[in-house]
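Okay, so here's the structure we're looking at.
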């Protein structure tokens, strides 16, 4: 298994979840995951991921939040196993919500960067050809994204719904075995 891990908006390869995945792989003698710093531009982020998939013979993708949005697109395009952690389903809508606008300092995206929100739309995955290849890990108390939207959008996929968990899924480590077994195909 070669895993591509994709972090969320305004996050990094040093996020708690990314580090937990890297540490898990090291502790279980699995190949080190590819964990890139994603560019702000969705077009550039997808282009980078497509290059990494080709260069590293990626077999699975795991994405958190906006990284989950990208992971859905890439998994469908390349036929990859896919684990999604509180994924964004319609991030262009989420980013325009007033509370997320303030949370993520959207106003800092000057006019040269505001088009990035529209750049997201072509990567929306409306239909799935391989729902058995998807795992959704979602917290019902996600304060950033609509957990019910993810649950509905990925109906038919394997789902771990964590009651009361927030966007960060504080107990992510408690679900890491299930996530890694799934992306490894050992589920």
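In the numbering used here, the protein residues as written are 11 to 197. For each residue, glycine too, the CB sits at the ideal point set by N, CA and C. Here the structure is a predicted model, which is why all the values come from computation and not from measurement.
When DSSP states are grouped into helix, strand and coil, residue 174 belongs to the coil group. Distance from the CA atom of residue 85 to the CA atom of residue 133, rounded to whole angstroms, is 11 Å.
Look at the beta carbons and you see the stretch 53 to 67 not touching the stretch 28 to 37: under three pairs across the two are nearer than 8 Å. Nearest C-alpha to residue 129 among 177, 91, 49: 49. Check the Cα spacing between residue 66 and each of 18, 14, 47: the tightest is with 14. In the displayed model, residue 144 falls within a strand according to three-state DSSP. Distance from the CA atom of residue 93 to the CA atom of residue 105, rounded to whole angstroms, is 22 Å. Straight through space, the alpha carbons of residue 45 and residue 186 are spaced by roughly 16 Å. If you compare the alpha carbons of 153, 192, 90 with that of residue 68, the shortest gap goes to 90. Under the three-state reduction of DSSP output, residue 80 falls in the helix class. Cβ-Cβ distances below 8 Å link residue 152 to 96, 175, 176, 177 in the same chain, with the five nearest sequence neighbours on each side left out; the list follows chain order.
Its Cα nearest to that of residue 17, the residue 80 stands out among 101, 127, 180, 80. Non-local beta-carbon contacts of residue 82 in its own chain, meaning distances under 6 Å to residues more than five positions away in sequence, involve 135 in chain order. DSSP places residue 161 outside any beta strand (DSSP E); the residue lies instead in the alpha helix (DSSP H), whose first and last residues are 157 to 163.
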